[in-house]
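Report on one structure; see the data block that follows.
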Ligand code: HEM
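Residue numbers (the working numbering): 19 to 591.
The following block contains the structure:
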């Protein structure tokens, strides 16, 4: 490891510590000391990095870093001896002591190792163009900032224009290669599992756990995915349409009927979360569901953050919430085991289904950790995505009266064919063709999932460049969705594009990903979206309270203020 890899985070830590000390206790000494030493360390790290780029060592930087670390060890060590307080004195003294030792070791062994020219021969020169930016942080803040400012599509397409079909950057602490286009999507989604594994950012892995589907590969991925698919496949879901519909009816009665104004996104999150709780995990309404909702929201907030586990950060709050969710789920699994022993059906919900899948020796085929981590994954993957899709369809139907009229006509036709009080059937859903095309076009223009990551397991050659082993590969959904050679006039909203799916080139429409890891919740999302839109258009009319068409990504798209709307129940008309 080079000195700057640690010095810049060490400097940032001091700056944050100083600011927190000032914010909590008004200590100007803490602010001055933290800012002063922190900024000097960041500067020293920067000098060292610049020198490294020129294949040199900066001994000025080494001396500065060693002096600051030694000084902080001495001053904070003294304070610790006087006060006996671990935070911040003991911690800062401890970290600084280790850093001082590290710098002395570096100086004693001749500084950072600069590879001789021969070692940096041809293959590395073929690493894709671009810059890795500042260590650890790289371009993460730029991308996150662009997502919040609704300019992420532009941010990413500007990079594509500048560097071409393949470029390197550093995201969420890892060197990353960004590739795009139909061929790139095919390359990512169908690559041999021995060359490339699925890969989430460190923060996602730490929050959801290392046995969730996203982290598994090869036979383990196949085994767990098959187990989940046995519940999520259409044949099985057909039996649960009624349960989904009951949750939707109950939701509309509780949160929409009799109201004049509602905010769509938070309500759709509540609805999709409730559907998942009831259907997949058999958790009924009540205190346990409420606790799960609360912890889940906190957990999700830090999933796309820089994995700095410091007090008061989003990431730290997420990790704590994840631990609480895991404890709740462990208890739930124990209860389900007892229910199964007492003769409960294995088809009750997803958990009983997973617990009942047995291997040759009659042992559970999916381990307890795998069940917990995958439940958390499904909660996140399942409720955040569909809620966003339904919310943006609601916005579209308010903005485009022609599309609203066509959806209403289709849904009224189906409503009139179902006897009053009866539930919708699988055949009714199959008739909602136009409504689903509207949903598909919504997913093309505003895909809930911005993109994803894979990790190379060996050096991979692509487009004449080498993507080194251990790097991330970043794919982005909108790059093909907004490509005018694939979807002419890409900014125009036109559900007719999906009238004949055969006209869409493979691997270019990818809101659900593709290949062996394609979203297994596709049918589930389709059912809950169609049933919800059926009830909304046949029972309510609505107008937008905010007229703008703005949204931010956090990381999911969120319309202004969560989309407040004025509603009128058709019963009142
Ligand atoms: C509109 C709704 C949804 C969208 C747009 C969506 C999108 C995606 C995308 C883009 C991926 C990544 C594919 C890849 O890496 O190749 C994915 C994976 C996944 N999704 Fe969905 N999803 C949705 C709904 C759901 C639902 C409702 C569930 C569960 C009930 C679900 C469960 C999963 C799981 C478990 C994975 C991981 C699959 C694997 O790694 O093998 N998703 N989804």
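Just so it is clear, CB atoms sit at the ideal spot from N, CA and C, and this is done for glycine as well.
Would you grab the beta carbon distance between residue i and residue j for me? Rounded to a whole angstrom, and I think it's under 8 Å.
{"i": "residue 541", "j": "residue 255", "result": "6 Å"}
{"i": "residue 372", "j": "residue 245", "result": "6 Å"}
{"i": "residue 403", "j": "residue 286", "result": "Not confirmed; about 11 Å, so no contact."}
{"i": "residue 423", "j": "residue 547", "result": "The pair is not a contact, with the Cβ atoms about 19 Å apart (cut-off 8 Å)."}
{"i": "residue 48", "j": "residue 39", "result": "3 Å"}
{"i": "residue 343", "j": "residue 310", "result": "7 Å"}
{"i": "residue 263", "j": "residue 549", "result": "5 Å"}
{"i": "residue 575", "j": "residue 466", "result": "6 Å"}
{"i": "residue 543", "j": "residue 407", "result": "7 Å"}
{"i": "residue 93", "j": "residue 59", "result": "Incorrect: roughly 15 Å between the Cβ atoms, too far for contact."}
Return yes when the Cβ of residue j is within less than 8 Å of the Cβ of residue i, no when it is not.
{"i": "residue 198", "j": "residue 497", "result": "yes"}
{"i": "residue 494", "j": "residue 266", "result": "no"}
{"i": "residue 324", "j": "residue 113", "result": "no"}
{"i": "residue 190", "j": "residue 158", "result": "yes"}
{"i": "residue 484", "j": "residue 214", "result": "no"}
{"i": "residue 63", "j": "residue 36", "result": "no"}
{"i": "residue 147", "j": "residue 181", "result": "yes"}
{"i": "residue 505", "j": "residue 455", "result": "no"}
{"i": "residue 205", "j": "residue 532", "result": "no"}
{"i": "residue 555", "j": "residue 415", "result": "yes"}
{"i": "residue 397", "j": "residue 294", "result": "yes"}
{"i": "residue 557", "j": "residue 270", "result": "yes"}
{"i": "residue 393", "j": "residue 369", "result": "yes"}
For residue i, count neighbouring Cβ atoms within 10 angstroms of its own Cβ and tell me buried if that reaches 16, exposed if not.
{"i": "residue 552", "result": "buried"}
{"i": "residue 579", "result": "exposed"}
{"i": "residue 588", "result": "exposed"}
{"i": "residue 210", "result": "exposed"}
{"i": "residue 69", "result": "buried"}
{"i": "residue 340", "result": "buried"}
{"i": "residue 376", "result": "exposed"}
{"i": "residue 233", "result": "buried"}
{"i": "residue 345", "result": "exposed"}
{"i": "residue 203", "result": "buried"}
{"i": "residue 320", "result": "buried"}
{"i": "residue 28", "result": "buried"}
{"i": "residue 177", "result": "buried"}
{"i": "residue 459", "result": "buried"}
{"i": "residue 428", "result": "buried"}
{"i": "residue 163", "result": "exposed"}
{"i": "residue 435", "result": "exposed"}
{"i": "residue 236", "result": "exposed"}
{"i": "residue 312", "result": "exposed"}
{"i": "residue 130", "result": "buried"}
{"i": "residue 123", "result": "exposed"}
{"i": "residue 388", "result": "buried"}
{"i": "residue 21", "result": "buried"}
{"i": "residue 581", "result": "buried"}
Please find out if some non-hydrogen atom of the ligand HEM comes closer than 7 Å to the beta-carbon of residue i.
{"i": "residue 227", "result": "no"}
{"i": "residue 216", "result": "yes"}
{"i": "residue 563", "result": "no"}
{"i": "residue 201", "result": "no"}
{"i": "residue 466", "result": "yes"}
{"i": "residue 545", "result": "no"}
{"i": "residue 211", "result": "no"}
{"i": "residue 404", "result": "yes"}
{"i": "residue 407", "result": "yes"}
{"i": "residue 399", "result": "yes"}
{"i": "residue 191", "result": "no"}
{"i": "residue 447", "result": "no"}
{"i": "residue 529", "result": "yes"}
{"i": "residue 207", "result": "yes"}
{"i": "residue 536", "result": "yes"}
{"i": "residue 243", "result": "yes"}
{"i": "residue 542", "result": "yes"}
{"i": "residue 369", "result": "no"}
{"i": "residue 470", "result": "yes"}
{"i": "residue 54", "result": "no"}
{"i": "residue 255", "result": "no"}
{"i": "residue 396", "result": "yes"}
{"i": "residue 90", "result": "no"}
Any heavy atom of the ligand FAD closer than 7 Å to the beta-carbon of residue i?
{"i": "residue 295", "result": "As presented, the structure is devoid of the ligand FAD, carrying the ligand HEM as its sole ligands."}
State yes or no: is the beta carbon of residue i nearer than 8 Å to at least one beta carbon in chain D?
{"i": "residue 324", "result": "The chain inventory of the structure shown lacks chain D, comprising one protein chain alone."}
The region 567-579 in contact with the region 160-172 per 3-pair CB rule at 8 Å:
The answer is yes - the region 160-172 touches the region 567-579, with three or more Cβ pairs under 8 Å.
Practice problem: For the region 507-515 and the region 217-227, state whether three or more C-beta atom pairs, one from each stretch, are separated by less than 8 Å. | Solution: The count of Cβ pairs closer than 8 Å, one atom from the region 507-515 and one from the region 217-227, stays below three, leaving the stretches out of contact.
- Would you say the region 331-338 touches the region 291-302, given that touching needs at least three Cβ pairs under 8 Å? With the rule of 3 Cβ pairs closer than 8 Å, the region 331-338 does not count as touching the region 291-302.
Between the region 524-537 and the region 378-389, do at least 3 Cβ pairs fall closer than 8 Å?
Contact fails: fewer than three Cβ-Cβ distances are below 8 Å.
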